[in-house]
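Have a look at the structure below, then the notes.
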Amino acid sequence: MSEPETFDMELSRVQKPALIAGIAGAVLLAGLAAMDRAQFFRSYLLGYVFWIGLPLGSMALLMLHHLTGGGWGFVIRRLCEASSRTFLLMAVLFLPIVVGIRPLYEWARPEWAAVPHSSFNAMYLNRGAFLVRAVVYFAIWFLMGALLSRWSLEEDRTHDAVMHRKMENLSAPGLVIYGFTVTFASVDWVMSLEPRWISSIYGMVFVVIQVLSAMAFCILVARQLADREPLASVATPSRFHDLGTLLFAFVMLWAYLSFSQFLIIWSGNLKMEIPWYLVRLTGAWAGIALFLIVFHFAVPFLLLLNRPLKRRRRELSLVAGALLLISVVDVYWLVAPAFFPQGPRVHLADLAALVAIGGFWLWAFAGQLRGKPLVPSGDARLEVVPEHGH
């Protein structure tokens, strides 16, 4: 049996448990929904916001690679492409949020309409506009992901440099479009849970959470595949060092943006803005905030300063895995206080939603890897990109 056929069989063995987990999580979630419909939608939103971050962050990393041409990108490029081909599934999985607009969002309820608001709020925060914008987001994301993957595979087949120029030309405006669409989506799906609160940095916080999570996920998967040819010849210690350095940079950027948002809002001390932080920095929520400061920034910051650690796949993947899990806590800290300002309430439905959506997404991700080469052999830069970190 050839190496690609063996790899496809291994991926099929990954797909089956992922699909079973997704179905089991969905069945459990449906049962819990029958007991508490409102909690179902809250938990589903939490799980969805986390998992949609992986394909979005992967697409951003993919475009960054096409623009910079760094050797690190050849290790994770096929992983990012597979991830960015899952937007159709994520659009389907968005449907429960569409059904749950009224239970989730204050602005969708009759009592909100009964109170006078600005004409912009009335125009922007309504069910029709919310749905139209969501369709636009998914259409853009699906199109960009599909084009980047199509041209990349075509480049492998033809070795035509025109394909690289197409990907590069799309990636420059694509990163800008990505930033705008993620900003508006984060405002629609999360910030509008508390419609009286605003932050101009909020969208960028979600951008960096997505990119950080996607990089951590790619490092985890790359570590599992790094002994398999042709990836083994590309996934050298110095390339993992580059991935670790990028992970370090995203950890720093997360801390910078999170602190900048806090500093601006706290120093402004405006009654429409400060309550958002008052809820999240008092009582039991303060413990989660401290946890994030220590384990989403301080500890990985110190660990990723260690150059030998970044060159060792096992140690680096452990840090990446921890950061991926902590990103779930980060999303929870951003979303859940809108529903439970008195303190955290972890519900079984939260876990069920994460498992259900994650199982379906991992099933689709593994399916997209099947039949595809692990290294973009048609990219001429693969032969000339120098290694760093020696």
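Position 365 of the sequence shown, counted from 1, bears residue number 364 in numbering that gives the first Met the number 0, the numbering being contiguous throughout. Backbone N, C-alpha and C fix where the C-beta goes; we use that ideal spot for every residue, glycine too. On a predicted model such as this, the values are computed, not experimentally measured, just so you know.
Residue i, enclosing alpha helix (DSSP H) - first and last residue
i	result
lysine 165	160-188
lysine 309	306-310
valine 154	According to the sequence as given, residue 154 is glutamate; it is not valine. Residues 126-157.
glutamine 38	36-67
serine 257	236-267
tryptophan 275	273-279
leucine 224	201-224
serine 232	230-233
alanine 285	282-291
arginine 298	Looking at the sequence provided, one finds valine at residue 298 rather than arginine. Unbroken alpha helix (DSSP H) run through valine 298: 298-303.
alanine 90	86-92
Cα-Cα separation between residue i and residue j, rounded to whole angstroms
i	j	result
leucine 174	leucine 18	32 Å
glutamine 367	leucine 301	35 Å
asparagine 120	serine 257	26 Å
leucine 28	leucine 333	22 Å
valine 207	serine 148	23 Å
glutamate 193	tyrosine 123	14 Å
proline 54	glutamate 110	36 Å
isoleucine 197	leucine 373	43 Å
leucine 252	glycine 72	20 Å
valine 131	isoleucine 292	37 Å
arginine 12	arginine 195	48 Å
proline 236	arginine 156	28 Å
leucine 92	leucine 31	18 Å
arginine 222	leucine 317	10 Å
glycine 21	glycine 46	12 Å
threonine 85	glutamate 314	29 Å
isoleucine 139	proline 343	35 Å
glycine 267	serine 259	12 Å
alanine 128	threonine 180	14 Å
The ligand FMN heavy atom lying under 6 Å from the CB of residue i
i	result
arginine 164	The ligand FMN is absent from the structure shown, which contains no ligand whatsoever.
Residue i - DSSP class collapsed to helix/strand/coil
i	result
aspartate 349	helix
histidine 389	Here the model assigns histidine 389 a pLDDT of 48, short of 50, so the residue's position is not dependable, and the following value carries that caveat. Note: histidine 389 maps to coil in three-state DSSP.
phenylalanine 338	coil
glutamate 80	helix
glycine 24	helix
arginine 101	helix
arginine 369	coil
glycine 72	helix
glycine 377	coil
arginine 108	coil
Buried or exposed by the 16-neighbour rule on C-beta atoms within 10 Å, applied to residue i
i	result
isoleucine 325	buried
histidine 389	Because histidine 389 sits at a pLDDT of 48, beneath the cut-off of 50, its placement in the model cannot be relied upon, and the point is left open.
threonine 67	exposed
glutamine 341	exposed
glycine 370	exposed
tyrosine 177	buried
methionine 0	Here methionine 0 scores only 47 on pLDDT, less than 50, and its place in the model is too uncertain to base an answer on.
serine 232	exposed
glycine 286	exposed
isoleucine 263	exposed
Rounded distance between the beta-carbons of residue j and residue i, thought under 8 Å
i	j	result
leucine 88	alanine 363	5 Å
phenylalanine 49	valine 330	5 Å
alanine 348	phenylalanine 141	Going by Cβ atoms, the distance from alanine 348 to phenylalanine 141 rounds to 28 Å, so no, they are not a contact pair.
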